[in-house]
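First the structure, in the form of structure tokens, and then the observations on it.
In the working numbering, the protein residues as written are 12 to 247.
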């Protein structure tokens with residue numbers, strides 16, 4: 012048995028922050044940002060929008076495009092590192108809003124790779140026969156943990172959500188995947204404090220993203236190459 016993606020959906024908030032807007036706040040320019048990132052603008056959630064709201068909009072679009080009944084979904088997996096609250100998790104919040112009852116629903120916290128982890132988990136559920144219709148969502152409100160005075164991060168991070176509906180298939184769809192992690196690089200992109208870890212003397216950026224951009228780029232390029240080859244070799 013294989014897994015296939017039968018539909019996708021996405022959602023971006025209405026608020027737009029352009030490179031020119033950021034140039035009024037930090038030492039940067041439209042040309043500097045475009046040259047290094049390719050980014051022209053980014054979307055920012057409204058004050059009353061939470062991560063689950065973005066996830067819901069993307070999920071509804073994927074469900075409508077698939078033409079399936081919401082009740083047929085028997086697994087909800089959400090990848091996010093910016094949940095609405097500590098608990099309940101975004102997966103169960105989304106499940107409740109969609110009117111799904113009784114099926115597994117949970118979130119995966121794996122930062123940029125959260126959606127990939129969520130897809131991998133859903134794929135395993137389907138291949139094992141434990142799910143016949145899975146909803147996978149990646150959703151973030153990274154603007155809430157971004158220091159808008161830090162040029163290294165504010166030009167990169169924003170808000171949005173994407174969703175996919177997965178079902179079993181007799182023909183190959185999701186071919187194979189390879190997961191991996193290396194905690195020794197944890198100091199390259201991180202938020203210093205959170206729920207259980209608190210600063211003795213709080214500073215404004217204690218709960219914001221910190222990044223060593225050049226080092227992240229080097230590790231990402233090297234790792235993407237090696238894990239792609241590893242995945243292919245393991246498959247063949």
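C-beta: ideal position from N, C-alpha, C; glycine also. Only a predicted model underlies this, so the values are computations on that prediction, with no experimental measurement involved.
Burial state of residue i (16 or more Cβ within 10 Å)
i	result
residue 168	buried
residue 53	buried
residue 125	buried
residue 100	buried
residue 30	buried
residue 164	buried
residue 201	exposed
residue 33	buried
Integer Cβ distance of residue i from residue j, believed to fall under 8 Å
i	j	result
residue 18	residue 66	Not confirmed; about 16 Å, so no contact.
residue 156	residue 91	At roughly 12 Å, the Cβ-Cβ gap does not stay under 8 Å, so residue 156 and residue 91 are not in contact.
residue 190	residue 131	6 Å
residue 87	residue 111	7 Å
residue 119	residue 105	Rounded, the Cβ-Cβ distance is 13 Å, inconsistent with contact.
residue 20	residue 69	5 Å
residue 154	residue 242	Contact doesn't hold; Cβ gap of about 32 Å is too wide.
residue 170	residue 216	That pair is no contact at about 19 Å.
residue 134	residue 14	5 Å
residue 85	residue 114	4 Å
residue 160	residue 36	7 Å
heavy atom of the ligand SAM below 7 Å from residue i C-beta
i	result
residue 226	Summarising the ligand content, the structure contains no ligands, and the ligand SAM is consequently not present.
Chain B contact for residue i (CB, 8 Å cutoff)
i	result
residue 180	This model lacks chain B altogether; it includes just one protein chain.
Cutoff 6 Å; reference residue i; Cβ partners in own chain excluding five residues on either side
i	result
residue 45	none
residue 192	none
residue 150	62, 65, 66, 91 and 172
residue 174	20, 69, 70, 73 and 148
residue 22	65, 68, 69 and 172
residue 116	87, 102, 103 and 106
residue 41	30 and 31
Closest residue to residue i among the options (Cα-Cα distance)
i	options	result
residue 80	171, 143, 209 and 197	143
residue 71	188, 108, 165 and 134	108
residue 123	183, 96 and 152	152
residue 181	49, 203 and 137	137
residue 199	213, 215 and 221	221
residue 207	97, 128 and 160	97
residue 225	218, 128 and 233	233
residue 83	58, 145, 57 and 228	145
Residues near residue i in its chain [Cβ-Cβ closer than 7 Å; skip 5 each side]
i	result
residue 196	230
residue 77	17, 18 and 176
8 Å CB neighbourhood of residue i in its chain, flanking five on each side removed
i	result
residue 12	137, 138, 140, 179, 180 and 181
residue 38	162
residue 245	187 and 189
residue 50	30, 44, 166 and 167
residue 16	175, 176, 177, 184 and 185
residue 55	24, 26, 27, 28, 154, 169 and 170
residue 128	90, 119, 121 and 190
residue 210	203, 204 and 217
residue 57	24, 25 and 26
residue 75	20
Requested in this report: Could you tell me which uninterrupted alpha helix (DSSP H) segments, each at least 4 residues in length, are contained entirely in the stretch 73-158, listed from first to last along the chain?
Outcome: Runs found: 101-109 and 125-139.
Query - 3 or more residues per run - each beta strand (DSSP E) lying fully within the stretch 26-65 - result: Listed in chain order, the complete beta strand (DSSP E) runs (minimum 3 residues) inside the stretch 26-65 are 26-29 and 52-55.
Requested in this report: Write down every uninterrupted run of the alpha helix (DSSP H) in the stretch 148-226 whose length is 4 residues or greater and which is fully enclosed by it, in chain order.
Outcome: The qualifying runs are 162-165.
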